[in-house]
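**Student:** Following this message is one structure expressed as structure tokens.
In our numbering, the protein residues as written are 32 to 110.
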């Protein structure tokens, strides 16, 4: 009676030690172009980006450019 139990335990241990299967990604779309789809993992972290360190300088209030004024007639020309 102990031999079948040992065989089952041994099979369970071997199954637990086996390598994980490689993840594959499939899309639910039909490729009509004949090309190859590139599928990425949405949960994967992105690429590290180094942003430039440009100093920002505020514009003095008196030097701010003012855009052209628009009249109501121009905006409502269809009425």
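Backbone N, C-alpha and C fix where the C-beta goes; we use that ideal spot for every residue, glycine too. Predicted model, so just to flag it, every value in this text is computed and none were measured.
In three-state DSSP terms, what is residue 77?
**Tutor:** Residue 77 falls in the coil class under three-state DSSP.
**Student:** Inspect the beta-carbon positions of residue 56 and residue 78 and report whether they are closer than 8 Å.
**Tutor:** For residue 56 and residue 78, no; Cβs fall outside 8 Å.
**Student:** What three-state label does DSSP hand residue 92 in the structure shown?
**Tutor:** Residue state, collapsed to three classes: helix.
**Student:** For residue 20, name the three-state secondary structure that DSSP assigns.
**Tutor:** In the structure displayed, the chain extends from 32 to 110; residue 20 sits before or after that span and is not available.
**Student:** Consult DSSP for residue 46 and reduce its assignment to one of helix, strand or coil.
**Tutor:** Correct three-state label for residue 46: helix.
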